[in-house]
Amino acid sequence: MFYTEHHSDKLRASDYMKIQRKPDWLKLRLSGTAQFASTRKLIAGYGLNTVCRSAQCPNLHECWSSGTATFLLLGNTCTRNCRFCAVGTKKDLPPPDPNEAENVAQAVRKMKLTHVVLTSVTRDDLSDGGSRAWTETIRKIRESNPDTTIECLIPDFRGNLDALDRVMQLRPEVLNHNVETVPSCYASVRPEAEYRQSLEVLRLAASTYGLQAKSGLMVGLGETPEEVFEVLDDLVACGCRHITIGQYLQPTKHHYPVQRYVPPEKFDQYRIYALEKGCTTVQSGPYVRSSYHAAECVENKHNTLTTT
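Position 52 of the sequence shown, counted from 1, bears residue number 41 in the working numbering, the numbering being contiguous throughout.
This is the structure:
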């Protein structure tokens, strides 16, 4: 039987210091390889951004050492100010790079990827939310890499149906959009987004376009386990069958503080719950991120795994 944990909104200083000490299961050993250096050089050579670096992903060394990366479209600066995210924020941004789509496609070809994950910053400053840059990138990848499957981790485009249609009608193998956290935490960590709107993006992908819908959330932001179960129920109800659950890690002292380090056994509990509810793939663990073992969402499971 699942248990309930209650967390105070305001932590005592002594409690916060305890939280800041990472437990043993969160200690990573970083290693550099020739493949890591090659991946870094290739990405830099094409002038590309990756969410691996921009979002300070803890799995960067593992993924780049295996020759995989998640490409970050539309620059490396976001127009929204989510308190959990390491990506830089600014309201006045330059127009999209007209060469980005071709450069991403060529990098995919050079890296010989059989499965690629695309994501982007949120560009509320653009009338189309950046959706045209998305479609151009998908088309370029398919032109030069016809056998490569694609996962698109998209923003909500503020619920703009034209922008959402523009991407979804190209039928990427996986359509990913993260709810990020439980509804009660939105005001604190994701104030410029709406939980129900995120669910609607996923419902649209699964029900209207028949796409494989995927979503992810972080834990350790102050949520209770029961709230996580409710989010998992909501995701399944809107047609989402692929889910990632990971530990929130504070990027800098200026970001939202970690409220709790969730133990591995709780991640196992979340994974079992989601699978029992009907999910196909569930990646749940302290270092799991949105693109963790991404190729498992497509039918051809021997594809190169892309992890972030």
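We treat Cβ as the ideally placed atom computed from N, Cα and C, and that holds for glycine.
| Item | Value |
| --- | --- |
| Residues of its chain near I127, where Cβ-Cβ distance is below 8 Å and the 5 sequence neighbours each way are ignored | L107, I139, C141, V156, L159 and P161 |
| Beta-carbon gap between V277 and G235 smaller than 8 Å | yes |
| First through last residue of the alpha helix (DSSP H) which encompasses F218 | P214 to A226 |
| Per-residue burial, H243 [other beta carbons within 10 Å of its own, 16 or more giving buried] | exposed |
| Where V190 falls: helix, strand or coil (DSSP) | helix |
| Three-state class that DSSP yields for C268 in the structure shown | coil |
| Beta carbon of P85 nearer than 8 Å to that of G119 | yes |
| Per-residue burial, K79 [other beta carbons within 10 Å of its own, 16 or more giving buried] | exposed |
| Nearest candidate by alpha-carbon position, reference E169, set S109, P135 and I232 | I232 |
| Candidates D257, G64, H104 and K266: closest to C286 by CA position | H104 |
| For L150, three-class secondary structure by DSSP | helix |
| Segments assigned beta strand (DSSP E), at least 3 residues, entirely inside the stretch 71 to 124 | 104 to 109 |
| Residue of P246, G228 and T111 minimising C-alpha distance to E181 | T111 |
| Three-state secondary structure assigned by DSSP to S204 | strand |
| Option in V247, V208, D81 and Y184 with minimal Cα separation from P253 | V208 |
| Buried or exposed (CB count within 10 angstroms, at least 16 for buried), K101 | exposed |
| Buried versus exposed call for E89 [16 or more other C-beta atoms within 10 Å across all chains shown] | buried |
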